[in-house]
Amino acid sequence: MINPGFGLSTITHVAIVFAVKAGNFIGPKKREKTASKKMRLARKIFSAFLIAGIVELVFFSVVGTASLAVYAAVESNRSNYAVVKNVISNLEKNIK
Numbered sequence: 000m001i002n003p004g005f006g007l008s009t010i011t012h013v014a015i016v017f018a019v020k021a022g023n024f025i026g027p028k029k030r031e032k033t034a035s036k037k038m039r040l041a042r043k044i045f046s047a048f049l050i051a052g053i054v055e056l057v058f059f060s061v062v063g064t065a066s067l068a069v070y071a072a073v074e075s076n077r078s079n080y081a082v083v084k085n086v087i088s089n090l091e092k093n094i095k
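And the structure:
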């Protein structure tokens with residue numbers, strides 16, 4: 000099965016690297032102010048991409064579980080009620 004989140008994860012990680020490298024060229028000429036501004040910018044950018052990565056991971060986990068539930072409901076010999084009950088219990092375990 001192809002994981003659709005893989006491409007977005009790769010893009011996110013590449014964006015983090017470029018954002019941190021770009022921080023090296025931003026700021027005033029004074030050394031101390033430049034360093035502190037670079038660090039603040041790098042922290043903000045890194046935090047934003049880290050949060051985006053976590054949201055992406057949770058989103059695709061839920062979408063993947065839902066897709067698997069639909070597949071199981073179509074292909075399984077069990078009743079739909081049992082499949083839905085099983086999926087809901089699995090989601091509750093993952094959330095806790």
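As numbered in numbering that gives the first Met the number 0, residues 0 to 95 make up the sequence shown, in order. Yeah, the Cβ is synthetic: ideal placement off N, Cα and C, and Gly gets one too.
State the Cα-Cα distance for the pair residue i and residue j, rounded to the nearest angstrom.
i, j, result
"A51", "L90", "21 angstroms"
"V62", "L56", "10 angstroms"
"L49", "F58", "14 angstroms"
"Y80", "R42", "47 angstroms"
"T64", "S88", "12 angstroms"
"V82", "V73", "10 angstroms"
Could you have a look at residue i and say whether DSSP puts it in helix, strand or coil?
i, result
"I1", "Note that I1 has pLDDT 49, beneath the 50 cutoff, so the model's placement of it is unreliable and no number is given."
"N93", "helix"
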